[in-house]
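In my numbering, the protein residues as written are 574 to 922. Inspection log for the structure reproduced underneath, given as structure tokens.
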């Protein structure tokens, strides 16, 4: 599983008749319970994860978990195992709670929320699906004469299909492992601006594989869309991760022969809009997120990491589609390269 492990330390200490706040220090001799976890921990189906638990002056413990989840607490390590996909009578979300009895007979507890998803990670993509044989992605065009001509990607477990066009310059989504962070312009259009240069660890959480998308305003959003193969399928796509391509990032950071260098003086920005549609073709909602933001002095500038984007507000969808806009736009559309990268798509199957 590739998801970034960002933990927030929660100190939950319940003393006799009174609960101590997160900011209170642990008093020596008092019973206490600490667990290291984020407020919400996302799991893949059947994934096993461990969390550190610190107990002080505790005589007994018990762990509560949602139906279908398994837990064990041993030697200060809490192990949580998410349910298998397709298992009957499971809860896809709920609370993991540790309840302890202190030596002073106080009751202590600590908890965090858990959710389980199917993650589209692209890690099992066959060689025939990978953009290549260079980071330009020659096999994304119909005149390619090599062994594998790319024609779109489908994730069999989720039933999601990633669209493209016969010619990548008309827009599309391709699967890539390139992360050349130095080569400028379109000859490096399939690289993500993340990881160690040319080490193929540019995916989210330094995995190898991700998707790279090119949005063409002339072709429309259909080429940069993801939908379920089953015409009637509708599921919640809870979140995904977005990053800059090297082509776009280097253009915004340095400027090139067609696009300007972004600056706070000009309040520049690069934005992605993600729209959801149900099986009837009706729009459910939309979400906006920025790949570059220079609109305020404390904005983040050019995104150089993977960014989680919450899509839960789209509700159940049959399709999501992507479009882009930039502050650097001319008579023929965006001057900024209209590329972005996607990874770890969480589907609530």
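Backbone N, C-alpha and C define an ideal beta-carbon position, used for all residues, glycine too.
**Prompt:** Bridge partners of residue 907, per DSSP?
**Reply:** When beta bridges are read from the DSSP output, residue 907 appears opposite 902.
**Cβ-based burial, residue 690 [other Cβ within 10 Å; buried from 16]** = Flag for residue 690 reads buried.
**Spatially closest choice to residue 765 from 660, 708, 798, by CA coordinates** = Nearest Cα to residue 765 within the set 660, 708, 798: 708.
**Prompt:** Which residue's Cα is closest to the Cα of residue 839: 794, 805, 825, 623?
**Reply:** Nearest C-alpha to residue 839: 825.
**Message:** I'd like to check one pair, residue 791 with residue 749: are the Cβ atoms closer than 8 Å?
**Reply:** Judged by their CB atoms, residue 749 and residue 791 are not nearer to each other than the 8 Å cut-off.
**Prompt:** Run through DSSP, which three-state label would residue 796 get?
**Reply:** Looking at residue 796 - three-state DSSP - the assignment turns out to be helix.
**Message:** Out of 639, 655, 793, 629, which one is the CA nearest neighbour of residue 537?
**Reply:** The structure shown does not extend to residue 537, since the chain spans only 574 to 922, so no value can be given for it.
**Item:** According to DSSP, residues forming a beta bridge with residue 556
**Value:** There is no way to answer for residue 556, as the model of the chain reaches only from 574 to 922.
**Request:** Could you tell me the boundaries of the beta strand (DSSP E) in which residue 605 lies?
**Result:** Residues 605-609.
**Item:** Opposing strand residues paired with residue 673 [DSSP bridges]
**Value:** Looking at the DSSP output, residue 673 bridges to 634, 681.
**Message:** On the criterion of 16 or more Cβ atoms from any shown chain inside 10 Å, does residue 702 qualify as buried, or is it exposed?
**Reply:** Residue 702 comes out buried.
**Request:** Determine the contact status of residue 753 and residue 779, defining contact as a CB-CB distance below 8 Å.
**Result:** Going by C-beta atoms, residue 753 is not nearer than 8 Å to residue 779.
**Request:** Answer yes or no: the CB of residue 638 versus the heavy atoms of the ligand ATP, is any distance below 7 Å?
**Result:** Looking at this structure, you won't find the ligand ATP or any other ligand, since it has none at all.
**Request:** Could you pull out every residue in the same chain whose Cβ sits closer than 7 Å to the Cβ of residue 739, ignoring the five residues on either side in sequence?
**Result:** Close CB contacts of residue 739 within its chain, under the 7 Å cut and outside five residues either way in sequence, are with 715 (chain order).
**Prompt:** For residue 613, does the count of other Cβ atoms within 10 angstroms reach 16, so buried, or fall short, so exposed?
**Reply:** Exposed, because fewer than 16 other Cβ atoms sit within 10 Å of the Cβ of residue 613.
**Request:** Run the CB neighbour count on residue 909, radius 10 Å, all protein chains shown included, and call it buried at 16 or more, exposed below.
**Result:** The residue in question, residue 909, is buried, as its Cβ has 16 or more Cβ neighbours within 10 Å.
**Prompt:** Is residue 795 near residue 891, with beta carbons less than 8 Å apart?
**Reply:** Between residue 795 and residue 891, the gap from beta carbon to beta carbon reaches 8 Å or more.
**Prompt:** Using CA coordinates, which residue listed in 899, 818, 786, 607 is at the minimum distance from residue 747?
**Reply:** Residue 786 is the option with its Cα nearest to residue 747.
**Inter-residue Cα distance where the pair is residue 645 and residue 633** = In this structure, the alpha-carbon of residue 645 lies about 14 Å from that of residue 633.
**Prompt:** Given residue 664, which residues of its chain have a CB within under 7 Å of its CB, disregarding the five upstream and five downstream residues?
**Reply:** Within the same chain, residue 664 has close Cβ partners 639, 640, 641.
**Item:** Contact the stretch 847-861 vs the stretch 881-896: 3+ CB pairs below 8 Å
**Value:** The stretch 881-896 and the stretch 847-861 touch, with three or more beta-carbon pairs separated by less than 8 Å.
**Request:** Could you say which of 912, 658, 877 lies nearest to residue 775 if we only look at CA atoms?
**Result:** Selected option, being the one with the closest Cα: 877.
**Item:** Straight-line Cα distance separating residue 828 from residue 903
**Value:** Approximately 15 Å, taken between the alpha carbons.
**Message:** Taking 7 Å as the limit between beta carbons, can you name the residues of its chain near residue 652, skipping five residues before and five after?
**Reply:** Answer for residue 652: 621, 623, 644, 645, listed in chain order.
**Prompt:** Helix, strand or coil: how does DSSP classify residue 755 here?
**Reply:** Coil at residue 755, not helix or strand.
**Request:** Alpha carbon to alpha carbon, how far is residue 724 from residue 833? Give it in angstroms, no decimals.
**Result:** Residue 833 and residue 724: Cα-Cα distance of roughly 33 Å.
**Item:** Where residue 598 sits in the DSSP three-state scheme
**Value:** Reliability of the predicted coordinates at residue 598 is poor, the pLDDT of 48 falling under 50, and the value obtained from them is presented with this limitation in mind. Coil, per DSSP.
**Request:** Taking residue 797 as the reference, give the member of 637, 915, 629, 837 with the closest Cα.
**Result:** It is 915 whose Cα lies nearest to the Cα of residue 797.
**Item:** Cβ neighbours of residue 767 in the same chain (closer than 6 Å, five flanking residues each side left out)
**Value:** The beta carbon of residue 767 sits closer than 6 Å to those of 775, 816, all from its chain and outside the five residues before and after it, given in chain order.
**Request:** Report the option in 603, 868, 615, 617 whose CA atom is closest to the CA atom of residue 679.
**Result:** If you compare the alpha carbons of 603, 868, 615, 617 with that of residue 679, the shortest gap goes to 603.
**Request:** Give a yes or no on whether the minimum CB-CB distance between residue 663 and chain B is below 8 Å.
**Result:** In the structure shown, chain B cannot be found, because there is only a single protein chain.
**Asked** For residue 922 versus residue 820, is the C-beta distance shorter than 8 Å?
**Response** In this structure, residue 922 sits away from residue 820, with a CB-CB distance that is not shorter than 8 Å.
**Request:** Taking only the alpha-carbon atoms, compute the straight-line gap between residue 596 and residue 800 and give it to the nearest angstrom.
**Result:** Any reading at residue 596 must be qualified, since the residue scores a pLDDT of 43, below 50, and its modelled position is unreliable; the value itself is stated next. Approximately 46 Å, taken between the alpha carbons.
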